[in-house]
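One structure is given here, and the rest of the page talks about it.
2 protein chains.
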Amino acid sequence: MKPTESELEILQVLWAKGPSTVRQVNEHLSQTRDIGYTTTLKLMQIMHEKGLLSRTEEGRYHIYQALIGEEETQQHLLDRFVDTAFRGSAMKLVMQALGNSKATPQELEELQKLINHLNPENNEPDERL
Amino acid sequence: MKPTESELEILQVLWAKGPSTVRQVNEHLSQTRDIGYTTTLKLMQIMHEKGLLSRTEEGRYHIYQALIGEEETQQHLLDRFVDTAFRGSAMKLVMQALGNSKATPQELEELQKLINHLNPENNEPDERL
DNA sequence: AAAGATATACGAATCGTTTCGTAGAAGTCA
DNA sequence: TGACTTCTACGAAACGATTCGTATATCTTT
Numbered sequence: 000m001k002p003t004e005s006e007l008e009i010l011q012v013l014w015a016k017g018p019s020t021v022r023q024v025n026e027h028l029s030q031t032r033d034i035g036y037t038t039t040l041k042l043m044q045i046m047h048e049k050g051l052l053s054r055t056e057e058g059r060y061h062i063y064q065a066l067i068g069e070e071e072t073q074q075h076l077l078d079r080f081v082d083t084a085f086r087g088s089a090m091k092l093v094m095q096a097l098g099n100s101k102a103t104p105q106e107l108e109e110l111q112k113l114i115n116h117l118n119p120e121n122n123e124p125d126e127r128l
Numbered sequence: 000m001k002p003t004e005s006e007l008e009i010l011q012v013l014w015a016k017g018p019s020t021v022r023q024v025n026e027h028l029s030q031t032r033d034i035g036y037t038t039t040l041k042l043m044q045i046m047h048e049k050g051l052l053s054r055t056e057e058g059r060y061h062i063y064q065a066l067i068g069e070e071e072t073q074q075h076l077l078d079r080f081v082d083t084a085f086r087g088s089a090m091k092l093v094m095q096a097l098g099n100s101k102a103t104p105q106e107l108e109e110l111q112k113l114i115n116h117l118n119p120e121n122n123e124p125d126e127r128l
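If you're matching them up, the sequences are chains A and B in order. In terms of numbering that gives the first Met the number 0, the first sequence is numbered consecutively and its last residue is 128. In terms of numbering that gives the first Met the number 0, the second sequence is numbered consecutively and its last residue is 128.
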């Protein structure tokens, strides 16, 4: 339930590319860092044992698939992170993340909508749901 | 520059309480989890070696102090976290953190101000800087 | 069929973090 | 002074994560 950094890397690939073989995942990972094939293999085997990945035998190959969702995992990691790094204050995190990001107007607008959702009383009415 | 989880715990205490002895830090930590005195001692010694903490001898005691700032450290951790968990998308993180937090109206208002700052063009004018 | 490439399985080395036991120095108290 | 407590220092065990070497099986190619 709490993937390590390496495991997260692999999950990222599987989330992005869908079910994949070890080689495909490894190919992808080696683009950004030095990692041997058997290292990726071992990692994915362990993740399979842990129940993070499913595995289907396709002839000689094994095809792996993420068993936990991206958003769900992100939410979990986020909760943990807020606790450890921001002492539980999600707002502090939000402010700091936002302050240092170069958000596009579109993104800000989306965010604006979300805020209006959260706070139907206050602020100028914008659109009803 | 990249404190571990345990180190972060200790930093939190020092940030909150200011310069402290090992015992004071340990006392605080033991309130929330099982940890021996010498464990805390060793950790703080290592952090001192790493340059995370300064140390002043006060008679028989050592008084430790955080050498890195809270916000600065949080920013650093946050950047890293956005990269690894949210593939660099700070906005995705913000939206998700916000969506799951129960923010008070005051907090939302603060956030609103920040957004208006960031996006002077769009939205209703609110206040000039 | 033989050689070579490519798959999985698995044991083990390595590395960083965390934890604690033990020793010795220094202060406190009866 | 002698027993206790309370510091720091330090070595090393324990643990988890990461990495890779090697063995073996299975294809592919000539």
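Just so it is clear, CB atoms sit at the ideal spot from N, CA and C, and this is done for glycine as well. Keep in mind that this is a model prediction, so the values were computed, not measured.
Restricting to Cα atoms, I'd like to know which of A/Gly-98, A/Pro-2, A/Thr-37, A/Leu-117 is closest to B/Lys-112.
Position 113 of the second sequence holds residue 112 of chain B. Closest option to B/Lys-112, Cα to Cα, is A/Gly-98.
Taking only runs that begin and end inside the stretch 38-62 of chain B, name each unbroken beta strand (DSSP E) of 3 or more residues, in chain order.
52-57
Considering only their Cβ atoms, is the gap separating B/Pro-2 from B/Met-46 smaller than 9 angstroms?
The count along the second sequence starts at 1 and reaches residue 46 of chain B at position 47. The count along the second sequence starts at 1 and reaches residue 2 of chain B at position 3. Taking 9 angstroms as the Cβ cut-off, B/Met-46 and B/Pro-2 qualify as a contacting pair.
If you draw a straight line from the C-alpha of A/Lys-49 to the C-alpha of A/Met-0, how long is it?
Within the first sequence, numbered from 1, the residue matching residue 49 of chain A stands at position 50. Within the first sequence, numbered from 1, the residue matching residue 0 of chain A stands at position 1. Put simply, the backbone Cα of A/Lys-49 is about 9 angstroms away from that of A/Met-0.
Where B/Ala-102 falls: helix, strand or coil (DSSP)
If you number the second sequence from 1, residue 102 of chain B lands on position 103. The answer is coil: DSSP assigns B/Ala-102 none of H, G, I, E or B.
Keeping to the same chain, check which residues put their C-beta closer than 6 angstroms to that of A/Phe-85; ignore five residues upstream and five downstream.
In the first sequence, the residue the question calls residue 85 of chain A occupies position 86. Only Lys-91, Leu-92 meet the Cβ criterion.
Buried or exposed (CB count within 10 angstroms, at least 16 for buried), A/Tyr-63
One-based indexing of the first sequence puts residue 63 of chain A at position 64. Result: buried.
Return helix, strand or coil for B/Ser-88, following the three-state DSSP convention.
Counting from one through the second sequence, the residue named residue 88 of chain B turns up at place 89. Look at B/Ser-88 here: in three-state DSSP terms it is coil, with no helix or strand label.
Just mark B/Glu-4 as buried or exposed, buried being the case when its beta carbon has 16 or more other beta carbons within 10 Å.
Taking the second sequence and counting its residues from 1, one reaches residue 4 of chain B at position 5. Result: exposed.
Name the residues in the stretch 56-74 of chain B whose C-beta lies less than 9 angstroms from a C-beta of chain A; which are they?
Glu-70, Thr-72, Gln-73, Gln-74
For B/Asp-78, which residues of its own chain have a beta-carbon under 8 angstroms away from its beta-carbon, when the five flanking residues on both sides are left out?
Here the question's residue 78 of chain B lines up with position 79 in the second sequence. Correct list: empty, nothing qualifies.
Whose Cβ in chain B lies nearer than 9 angstroms to the Cβ of A/Thr-83?
By one-based count along the first sequence, residue 83 of chain A stands at place 84. Within chain B, the residues near A/Thr-83 are Glu-4, Leu-7, Glu-8, Gln-11, Leu-76.
Any C-beta of chain A under 9 angstroms from that of B/Gln-30:
Here residue 30 of chain B corresponds to residue number 31 of the second sequence, with the count starting at 1. Chain A contact via Cβ: absent.
Straight-line gap, A/His-61 to A/Gln-44 (C-alpha atoms, nearest Å):
The count along the first sequence starts at 1 and reaches residue 61 of chain A at position 62. The count along the first sequence starts at 1 and reaches residue 44 of chain A at position 45. Between A/His-61 and A/Gln-44, the C-alpha separation is close to 10 angstroms.
Taking just the CA atoms, how far does B/Tyr-36 sit from B/Glu-22?
Along the second sequence, read from residue 1 onward, the residue named residue 22 of chain B stands at position 23. Along the second sequence, read from residue 1 onward, the residue named residue 36 of chain B stands at position 37. In the sequence as presented, Glu is not what sits at residue 22 of chain B; that position holds Arg. About 7 angstroms.
Have a look at A/Trp-14 and A/Gln-73 and give me their C-alpha separation to the nearest angstrom.
By 1-based counting over the first sequence, the position of residue 14 of chain A is 15. By 1-based counting over the first sequence, the position of residue 73 of chain A is 74. Using only the alpha carbons, I get a separation of about 12 angstroms.
Contact belief for A/Leu-117 with B/Ala-102 at Cβ below 8 angstroms, rounded distance in angstroms:
For the purposes of this step, residue 117 of chain A is taken as residue 118 along the first sequence, with counting starting at 1. For the purposes of this step, residue 102 of chain B is taken as residue 103 along the second sequence, with counting starting at 1. The pair is a contact, with the Cβ atoms about 6 angstroms apart (cut-off 8 angstroms).
Of all Cβ atoms in chain B, is any one closer than 9 angstroms to the Cβ of A/Met-94?
If you number the first sequence from 1, residue 94 of chain A lands on position 95. Yes - at least one Cβ of chain B is within 9 angstroms of the one on A/Met-94.
Mind checking who A/Ser-19 pairs with in its DSSP beta bridge?
Position 20 of the first sequence, counted from the start, is the residue given in the question as residue 19 of chain A. Partner(s): A/Tyr-63.
Would you decide whether A/Thr-38 is buried or exposed? Buried here means 16 or more other CB atoms lie within 10 Å of its CB.
Residue numbering aside, residue 38 of chain A sits at position 39 when the first sequence is read from its first letter. Exposed, by the Cβ-count rule.
Residue of A/Glu-71, A/Gly-58, A/Met-94, A/Ile-114 minimising C-alpha distance to A/Leu-51:
Residue numbering aside, residue 51 of chain A sits at position 52 when the first sequence is read from its first letter. Nearest of A/Glu-71, A/Gly-58, A/Met-94, A/Ile-114 to A/Leu-51, Cα basis: A/Glu-71.
Between B/Phe-80, B/Thr-20, B/Val-81, which has its C-alpha nearest B/Glu-133's C-alpha?
Shown here, chain B extends from 0 to 128; a query on residue 133 of chain B therefore has no answer.
CB contact check: B/Lys-1 to chain A, cutoff 9 angstroms:
As a position in the second sequence, residue 1 of chain B is number 2, starting the count at 1. Answer no: the Cβ-Cβ gap between B/Lys-1 and chain A never drops below 9 angstroms.
In this structure, how does DSSP classify A/Lys-112 when only helix, strand and coil are distinguished?
On the first sequence, position 113 is the one that residue 112 of chain A refers to. Of the three classes helix, strand and coil, the one that applies to A/Lys-112 here is helix, per DSSP.
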